[in-house]
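Using our numbering, you'd call the opening residue of the sequence shown number -13 and step up by one each time.
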Amino acid sequence: MKVFQDARDYQILFLSLFLSLGVVNRDWTLSPIRVVLIIIACLLVQFLCESLTHYQQKINTLINKNYNEKILESISFQGWKSALITSLGLSLLLRANDISTLVIASAIAIASKFIFKYHNKHFFNPANFGIIGVLLLTNDGWISPGQWGSDWLYLGLFLATGAMVLKKVGRWETTAVFLSTYGILEAIYNYYLGWNFEVLLHQLMTGSLLVFAFFMLSDPRSIPDGKNGRIIWAITIAFLGFILGNLFFINNGVFWSLFIISPLTILFDLIWKGNRFRWRYSINS
């Protein structure tokens, strides 16, 4: 298997780098055992769900006597890279007092890909679903928006690596439109309130927002297929995230916005047609 032919290889490398820097240089209270448990939980649930899906397809094939050699082959655990990316995203963004909260987030994040699908396409970003899921189900989880501080070295690293991933994936307009729209809305609101430019810069340069924009919002497997659909989808998420955060004072409003808007991906795909994105070495992850 060739390394770095798949855009997910870059995502795994960069997210692992962010996580290592955060633990070593930012003095996060995130123990390695928690990261390991999140990774194991995501990979295990991915394998179990793939196995169940495979055997269900195999049974249906035998019942219908529609023999398909690919389905009858043994399970190949194709989605492990996507599961690993989800685990790294959860490790970066989600915090909790109880380890079980992190395990629950991991399990429901991966399971959402196999449960919430339309025409064999999942419409929730797994990490986003896991985070919002535990925020709804427990009183233990939270997102730490200021964990990266305001160090320009880290912010520049997010921008540079995020741009590389977007180039590989080819969905750059989603992140660009979201950040532009969200930034303009925040700028107008800050001007209305009479706040200075430093406040706006702090709001737009938080590590969690940049990870969200570059590594979550641009997930090519769960966003609309058509370019026009992705643009309108990104604008909608930016507007709702701004409203939730500034008018309803909901922390991390953009994460809630993505969760709420995600089911509309089905409608957007019906209105604005586009080619379905597929990873280079996998068709079901």
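Ideal Cβ positions, reconstructed from N, Cα and C, are used throughout, including at glycine.
Problem set entry | For residue 44 and residue 4, the rounded distance between their alpha carbons | Distance between the alpha carbons of residue 4 and residue 44 is about 40 Å.
Problem set entry | Cβ neighbours of residue 231 in the same chain (closer than 6 Å, five flanking residues each side left out) | Annotation for residue 231: 239 place their beta carbon closer than 6 Å to its own, counting only its chain and skipping 5 residues before and after.
Problem set entry | Three-state class that DSSP yields for residue 236 in the structure shown | Residue state for residue 236 is assigned as coil, using DSSP reduced to three classes.
Exercise. Does the beta-carbon of residue 172 have 16 or more other beta-carbons within 10 angstroms, so that it is buried, or is it exposed?
Worked result: With 16 or more Cβ atoms within 10 Å of its Cβ, residue 172 is classed as buried.
Problem set entry | CB-CB length for residue 226 against residue 208, believed under 8 Å | With 8 Å as the limit, residue 226 and residue 208 do not qualify as a contact, their Cβ atoms being about 17 Å apart.
Exercise. So what does DSSP say about residue 107, is it helix, strand or coil?
Worked result: Here DSSP, grouped into helix, strand and coil, assigns residue 107 to strand.
Problem set entry | Every unbroken alpha helix (DSSP H) within the stretch 166 to 209, with a cutoff of 4 residues, ordered by chain | Runs of the alpha helix (DSSP H) inside the stretch 166 to 209: 183 to 190 and 193 to 197.
Problem set entry | residue 224 classed as buried or exposed, judged by whether at least 16 other C-beta atoms fall within 10 angstroms | Counting Cβ neighbours within 10 Å, residue 224 comes out buried, since at least 16 surround it.
Exercise. What's the call for residue 36, buried or exposed, on a 16-neighbour Cβ count within 10 Å?
Worked result: Sixteen is the threshold: when 16 or more other Cβ atoms of the shown chains lie within 10 Å of the Cβ of residue 36, as they do, the residue is buried.
Exercise. Which class does residue 278 belong to by DSSP, given the choice of helix, strand or coil?
Worked result: The displayed coordinates of the chain run from -13 to 271. Any statement about residue 278 would go beyond what the structure contains.
Problem set entry | Identity of the residue in 84, 121 and 31 nearest residue 70 by Cα | Nearest of 84, 121 and 31 to residue 70, Cα basis: 31.
Exercise. Among 148, 109 and 162, which residue has its Cα nearest to the Cα of residue 193?
Worked result: Minimum Cα distance to residue 193 is reached at 148.
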